[in-house]
Each structure stands twice: as structure tokens, then as C-alpha cells.
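Scroll down for the structure; my scribbles are underneath it.
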Amino acid sequence: MTRATEDVDGELSSAPGRLSADDQTGDRGDDPTGDPGFYSKGPLRLSGDQVPATTTDQRLLESKSGTDWVHEDPWRVMRIQAEFVEGFGSLAEIGPAVSIFGSARLKAGTQAYADTREIARRIAENGNAIITGGGPGIMEAGNLGACEGGGVSIGLGIELPFETGLNQHVELGVNFRYFFVRKTMFLKYSRGFVVMPGGLGTLDELFEAFTMVQTGKITSFPIVLFGTDYWRGLVDWMQNTLLAAGTISETDLNMFTLTDDIDEVVAAIGPGHGQDSAGANPANGRP
């Protein structure tokens, strides 16, 4: 029996056709391709021949014609459970926290990076930890601002092709194999989202939050879209297409704040501690 077939999760660490540093076809959402540095798979750091051909999420979601899943999936559930336990255990005592999302491609030197750094610094000074995806670009700016503001700087990483690991400003980092586990952590341990300019990954988190608020799964949850020029087209589409077609209600357009004003962002998020958060759950600052 080969190493590949022995692995319950199907991690073909010795299989041909794995993604290489020269392969620029991997779709990383917001994360840019380039020098991989090393590959992150949960708590593991891999390189060279140890880099798997596919991600853990991909193997979980792929369709199979045989019955191998009957034997593999019960064990996979144990790994998923372990990721939830690790996330809960690591984040349960961080106190009130705010997640900041945005593109990994908007690096230092861009206005979006500078704005994110300042927003994170001021929100941290206001008694909040800062949570990002832990990568480069906007995520790095959020973690840097958190450190400068005296807040806990948290990065929730994910296994992706060409992943380079957590940025140097992350103080508390957790790496995940499964997107849905990571997304649960963002929602459970955040009391609000600040959404900077970003791509598909950012949109994914944004609409996840919209859905959770609309359906009443989470409450007292401010969502701020920063950058009116960037987000105006999306907001207009929601109003002129979705609302006009009757697929959302007028109140759904009140779920978020659209602004270019950092003062307005800080006011919309509010303090992490104090009178406004009295009686809140100490794990996330929400009632």
C-alpha cells in the first residue's frame, strides 16, 4: 500500500502534478500567486515534495463515484471536530474583537493599506482585538494597526495553494484546513466587520455576514464598507436590482454603513469595553 492510499484524508503528498512555485493557475480568491515560501496545512509547514496536490477542503468537497467516502469521512469528521476545538480554545478569551477583511494584493504603499492600518489602530485603542485572515496586504495592515493600538493582533490562516503563512504582525495565530471552520470563528468571535476593498474572498465573508444578520443568526453586528468609490457599484446593484426585484427588503439595505470617513468607521463599531458593551458576552462583546 502506498503512502497516498494509506492517508485517510487522501493527502497525496508524494503524488505527481502538485502545485509548484511556477504554477500560476491556482485560484486563491484574494490571495496573490507568487513565491510560496512554504505551504501551510493546519499546524503543518510544508515545502518541496511534501506539498500536497490538493487542499483539504478540495478533497472534502470533491464528488466521488465509489464508496471510499463511507470509510474516510467518519475519520475526517474527527479532524473537523479537532479544528473547531482548537479554534474555540484559542479564541474564547480574547475579549471584544472586530474582523477586518480586504485584499491581499493591496500592499504597503497603497492608500487602502494606510487606511486599514489607521482604522485598526483606532479600533484597537477603543478596546477591541483585531482579527484578520493573517495574510499579506490589507490583512497585514490590520494586524500592524492592532499592534500599534495596543490591541490583540489575531490572524486566522487557511490552507491555500502558494500560502506563505501568517504575517509578522500576528500575535495570536491559528491555521485552519477547512474554510467553513475558519468562517465560523470570524463570526463567533467578532462583534463587527470592517470590509475594505477586496476580491472574491472578501465578498464571501461580506455576504456571509449579510446572510447571518438578515436571518437573525447574529445580532448587534455592525458591518462597515470602507471606500465609497469601490463599493458603490455593489450597493447600487443591491438597491436597483435586488430590491427592485423584491428579492431583498428595504431594511436589508440598513445592515451596513458605507463610508470614506475613518471617524465614522470607529463610531459605527463602537468601544469594545465600557457602557456600550455592558452585559455583553465576554467572548465577543455581543449580547
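Numbers given in our numbering equal positions in the sequence shown, counted from 1, plus 729. Heads up, the beta-carbon is just placed ideally off N, CA and C, and yes, glycines get one too.
Within the same chain, show all residues whose beta-carbon is closer than 7 Å to that of W960, passing over the 5 residues directly before and after it, in chain order. L954, L987
Start-end ranges of the alpha helix (DSSP H) lying completely within the segment 872-952, minimum 4 residues: Runs of the alpha helix (DSSP H) inside the segment 872-952: 908-918, 929-943.
Tell me the DSSP secondary structure of G999 in three-state form. Coil, per DSSP.
Taking C-beta to C-beta, are V995 and N855 nearer than 8 Å? yes
Would you mind reading off the limits of the beta strand (DSSP E) that contains I829? 826-830
Helix, strand or coil for I859? Go by DSSP, reduced to three states. strand
Between the segment 824-837 and the segment 972-987, can you find at least three pairs of beta-carbon atoms closer than 8 Å? no
If I follow the unbroken alpha helix (DSSP H) through W963, where does it start and stop? For clarity, residue 963 is Leu in the given sequence; the question names Trp instead. Segment 957-966, the alpha helix (DSSP H) holding L963.
I'd like to know whether the C-beta atoms of M914 and G816 end up nearer to each other than 8 Å. yes
Tell me the DSSP secondary structure of T988 in three-state form. strand
Start and end of the alpha helix (DSSP H) containing E854? 840-854
Any contact of the segment 928-941 with the segment 843-854, i.e. 3+ C-beta pairs under 8 Å? no
Confirm, please, whether the CB-CB distance from K836 to P865 is below 8 Å. yes
According to DSSP, is L820 part of a helix, a strand, or is it coil? helix
According to DSSP, simplified to helix, strand and coil, what is L954? strand
Write down the C-beta distance between F813 and V903 rounded to the nearest angstrom, noting that I regard them as a contact closer than 8 Å. Rounded to whole angstroms, the Cβ separation of F813 and V903 is 11 Å, and the two are not in contact under 8 Å.
Is the beta carbon of G820 sitting closer than 8 Å to the one on Y907? Per the sequence shown, the amino acid found at residue 820 is Leu instead of Gly. No, they are not a contact pair.
Could you give the C-beta distance for A858 and I883, rounded to a whole number, given that I count them as a contact under 8 Å? 6 Å
Three-state secondary structure (DSSP) of T785: helix
At the level of alpha carbons, what is the spacing between T948 and T784? If you draw a straight line from the Cα of T948 to the Cα of T784, it is about 33 Å long.
In its own chain, which residues sit with a C-beta less than 7 Å from the C-beta of T931, not counting the 5 before and 5 after it? D759, F830, G831, S832, V924
Under the three-state DSSP convention, the category A833 falls into: coil
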